[in-house]
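Sequences listed follow chains A and B, in order. For the record, in the first sequence the residue sitting at position 22 is 22 according to the numbering used here, with numbers rising by one throughout. For the record, in the second sequence the residue sitting at position 179 is 330 according to the numbering used here, with numbers rising by one throughout.
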Amino acid sequence: MTLTRSLLMTALLASSLSAFAAVTEQVQVLDGYVREVPPTQQISAAFMTLHNDDMSDHKIISATSPAAKTVELHTHTLDEGMMKMRQVPDIAIPAGGDTFLKPGGLHIMLIGLTQELKKDVPISVTIKFEDDSEKTLSLPVKSVMPMQMKH
Amino acid sequence: MKKAYYLFALVLITFGLVTLFTQPWQEKSSHAVLVSNTAPTGGDFTLTGTRGKVSLHDYAGKIVLLYFGYTTCPDICPTNLGNLSSATRLLSEDERNQVQVMMITVDPERDDQLKMDTYLPYFHPSFQGLTGTPEQIAEIAKRYGAVYQKAALGEGALGYSVDHSAFTYLINAQGKLVEQLPHATTGEEFVAAIRAQLTPK
Ligand SMILES: [Cu+2]
């Protein structure tokens with residue numbers, strides 16, 4: 001009797017804990033990076049894989065970075081034969097699933113760079129979830145070229 | 152003991168499926184939509200490059216890879232130019248001497264020659280950037296089947312972006328448009344397409 005009750009209590013406690021845990025604790029960010037850009041380029045994009053450990057869906061509602069004047073959530077769609085980049089209100093991460101931010105698709109757009117993007121100098125990007133909890137990431141800068149320049 | 156094998160197999164299968172569904176072919180499956188139903192004719196053109204007037208026929212005898220893009224393009228152009236850069240560096244010196252990569256801007260209002268000359272060498276010092284009047288560029292784009300239009304960019308921090316088709320046009324040594332390669336064609340795929348055009352000596 002007492003055992004069942006204490007088990008029930010534990011289960012209740014666990015579920016309420018997960019219900020009250022900040023979304024940022026339920027979402028993991030993997031393989032994040034910011035794309036290195038040609039000199040004088042004023043814009044770049046951050047890419048990453050988002051994993052949702054939770055049993056409920058979550059979403060990113062905004063992002064900020066000291067490296068850019070404006071940060072927006074964007075996606076690319078292929079429409080009328082053109083690659084169209086558009087702002088999106090949020091980026092959903094399904095319960096127990098992954099969302100991929102990658103070239104040609106969803107990305108966090110850095111507009112009006114305030115610092116030069118250099119290899120080996122990580123860029124700080126803060127993502128905000130639907131409950132206003134935040135996660136600050138330190139993302140490496142990666143070149144689009146798979147190989148190093150040699151000439 | 153047997154259980155461990157089953158578990159291992161399960162992990163392998165799961166990994167395989169995950170890999171399968173997260174690979175770039177997902178992006179590529181949408182390429183078919185891009186193929187236009189009327190074959191573009193291509194043909195000669197004259198625009199402005201680093202050292203003045205540049206015509207396609209100046210490169211007769213070379214294979215030209217032509218791309219339509221713009222320098223403030225955040226993602227699509229860097230992907231394709233990065234892959235063209237990889238391709239260029241994968242070629243032998245002899246092969247490289249028979250190939251010219253060029254980008255025509257679809258944003259002539261903002262892309263002056265200085266911007267083009269700052270942007271393209273980042274990918275490879277041999278890459279040519281071409282500009283012209285909006286009318287000249289529109290006429291050439293039409294012949295090659297490239298389409299583009301301005302689009303508002305978010306809160307206007309950057310003014311606008313340009314929606315554009317993202318093919319790379321392969322032009323043979325005789326100046327004839329022979330193939331259009333889709334967005335995100337890899338360096339290796341570009342190399343294969345180039346080598347198919349290079350006649351063995
Ligand atoms: Cu964007």
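We treat Cβ as the ideally placed atom computed from N, Cα and C, and that holds for glycine.
> In this structure, does DSSP put aspartate 109 of chain B in helix, strand or coil?
Replying inline: One cannot answer for residue 109 of chain B here, as it falls past the ends of chain B, which runs 152 to 352.
>> Looking at the strands, I want to know which residues DSSP matches up with lysine 301 of chain B.
In response: In the DSSP output, where bridge partners are listed per residue, lysine 301 of chain B has B:Val313.
> Is the beta carbon of histidine 74 of chain A within less than 6 Å of some heavy atom of ligand 1?
Replying inline: Remark: the shortest separation between the CB of histidine 74 of chain A and any heavy atom of ligand 1 falls under 6 Å.
> In three-state DSSP terms, what is tyrosine 218 of chain B?
Replying inline: If DSSP states are grouped into helix, strand and coil, tyrosine 218 of chain B belongs with the strands.
> If we ignore side chains and look at the alpha-carbon of each, how far apart do phenylalanine 274 of chain B and glutamine 325 of chain B end up?
Replying inline: Each residue's alpha carbon lies about 26 Å from the other.
>> Need the endpoints of the alpha helix (DSSP H) that glycine 338 of chain B sits in, please.
In response: That run of the alpha helix (DSSP H) goes 338 to 348.
> Is glycine 97 of chain A buried or exposed, if buried means 16 or more other CB atoms sit within 10 Å of its CB?
Replying inline: Answer is exposed; the Cβ neighbour count stays below 16.
> Span of the beta strand (DSSP E) holding asparagine 52 of chain A?
Replying inline: Unbroken beta strand (DSSP E) run through asparagine 52 of chain A: 43 to 52.
> CB isoleucine 123 of chain A to CB leucine 106 of chain A, shorter than 7 Å?
Replying inline: Going by beta carbons, isoleucine 123 of chain A and leucine 106 of chain A fall outside the 7 Å limit.
> Rounded to a whole number of angstroms, what is the C-alpha to C-alpha distance between threonine 70 of chain A and glutamine 249 of chain B?
Replying inline: Taking the straight line from one Cα to the other gives about 43 Å.
> Does the count of Cβ pairs from the stretch 228 to 239 of chain B and the stretch 106 to 119 of chain A closer than 8 Å reach three?
Replying inline: No, they do not touch.
> With burial defined as no fewer than 16 other Cβ atoms inside 10 Å of the residue's Cβ, what is the status of proline 333 of chain B: buried or exposed?
Replying inline: When all chains shown are included, proline 333 of chain B counts as buried.
>> If I follow the unbroken beta strand (DSSP E) through glutamine 87 of chain A, where does it start and stop?
In response: Bounds of the beta strand (DSSP E) holding glutamine 87 of chain A are 82 to 87.
> Of the choices A:Met85, A:Ala45, A:His58, A:Gln115, whose alpha-carbon is the least far from that of glutamine 28 of chain A?
Replying inline: Out of A:Met85, A:Ala45, A:His58, A:Gln115, A:His58 has the C-alpha closest to the C-alpha of glutamine 28 of chain A.
> For the 8 Å Cβ check, are there 3 or more pairs between the stretch 46 to 58 of chain A and the stretch 128 to 143 of chain A?
Replying inline: The answer is yes - the stretch 128 to 143 of chain A touches the stretch 46 to 58 of chain A, with three or more Cβ pairs under 8 Å.
> Which residues, taken in chain order from the stretch 71 to 103 of chain A, show a beta carbon closer than 9 Å to some beta carbon of chain B?
Replying inline: Those would be Glu72, His74, His76, Leu78, Asp79, Glu80, Gly81, Met82, Met83, Lys84, Met85, Arg86, Gln87, Asp98, Phe100, Lys102, Pro103, in chain order.
> Of all Cβ atoms in chain B, is any one closer than 7 Å to the Cβ of isoleucine 43 of chain A?
Replying inline: Chain B, which has a Cβ nearer than 7 Å to the Cβ of isoleucine 43 of chain A, makes this yes.
> Going along chain B, which residues have a C-beta under 9 Å from histidine 107 of chain A?
Replying inline: What histidine 107 of chain A touches in chain B: Pro225, Asp226.
> Roughly how many angstroms separate the alpha carbons of glycine 280 of chain B and isoleucine 127 of chain A, rounded to a whole number?
Replying inline: For glycine 280 of chain B and isoleucine 127 of chain A, the distance between alpha carbons rounds to 36 Å.
>> Residues of the stretch 288 to 304 of chain B in Cβ contact with chain A at a cutoff of 8 Å, in chain order, please.
In response: From the stretch 288 to 304 of chain B, only Val298, Tyr299, Gln300, Ala302, Leu304 have a Cβ closer than 8 Å to chain A.
> At what residues does the beta strand (DSSP E) containing lysine 59 of chain A begin and finish?
Replying inline: It spans 58 to 64 - the beta strand (DSSP E) in which lysine 59 of chain A sits, taken as one unbroken run.
>> Taking 8 Å as the limit between beta carbons, can you name the residues of its chain near lysine 204 of chain B, skipping five residues before and five after?
In response: Within the same chain, Thr197, Leu198 come within 8 Å of lysine 204 of chain B by CB-CB distance, once the 5 residues on both sides are set aside.
>> Is there a C-beta anywhere in chain A that falls below 7 Å from the one on alanine 190 of chain B?
In response: No, its Cβ sits nowhere closer than 7 Å to a Cβ of chain A.
>> Quick check: the Cα distance between aspartate 31 of chain A and phenylalanine 100 of chain A, rounded to an integer number of angstroms?
In response: The straight-line gap from Cα to Cα measures roughly 10 Å.
> Should proline 89 of chain A be counted as a contact of ligand 1 given a C-beta to heavy atom distance under 6 Å?
Replying inline: Not one heavy atom of ligand 1 is found less than 6 Å from the C-beta of proline 89 of chain A.
> With a CB to CB cut of under 7 Å and the five nearest residues on each side skipped, what residues in its chain are close to threonine 282 of chain B?
Replying inline: Cβ neighbours of threonine 282 of chain B beyond the five flanking positions: Leu198, Thr199, Thr256, Pro259, Asp262, Asp263, Gln264, Met267.
>> Here's the rule: buried if 16 or more other CB atoms are within 10 angstroms of the residue's CB, otherwise exposed. What is glycine 80 of chain A?
In response: One point to set straight first is that residue 80 of chain A is glutamate, not glycine, in the sequence displayed. Glutamate 80 of chain A should be labelled exposed.
> What does aspartate 258 of chain B touch in chain A if you count any residue whose Cβ is under 7 Å from its own?
Replying inline: Think of a sphere of 7 Å around the beta carbon of aspartate 258 of chain B: no beta carbon from chain A falls inside it, the nearest being about 13 Å out.
> Assuming threonine 319 of chain B and threonine 337 of chain B make a contact with CB atoms under 8 Å, what is their CB distance in whole Å?
Replying inline: Not quite, the Cβ-Cβ distance comes to about 12 Å (not below 8 Å), so this is no contact.
>> If the criterion is Cβ atoms closer than 7 Å, does the pair glutamate 36 of chain A and valine 121 of chain A meet it?
In response: In this structure, valine 121 of chain A does not lie closer than 7 Å to glutamate 36 of chain A by Cβ.
> When the cut-off is 7 Å and only beta carbons count, does valine 152 of chain A lie next to chain B?
Replying inline: Any answer about residue 152 of chain A is impossible in this case: the structure gives chain A only from 1 up to 151.
>> At the 7 Å Cβ level, is proline 38 of chain A part of the contact set with chain B, yes or no?
In response: Taking 7 Å as the threshold, the shortest C-beta distance from proline 38 of chain A to chain B falls below it.
> Which value, in whole angstroms, describes the spacing of the CA atoms of alanine 303 of chain B and serine 312 of chain B?
Replying inline: Going by the C-alpha atoms only, they are around 6 Å apart.
>> Would proline 229 of chain B pass as an interface residue toward chain A - the criterion being a Cβ-Cβ separation below 7 Å?
In response: At a cut-off of 7 Å between C-beta atoms, proline 229 of chain B counts as an interface residue with respect to chain A.
> Assuming asparagine 52 of chain A and proline 94 of chain A make a contact with CB atoms under 8 Å, what is their CB distance in whole Å?
Replying inline: About 6 Å separates the two Cβ atoms, so the contact holds.
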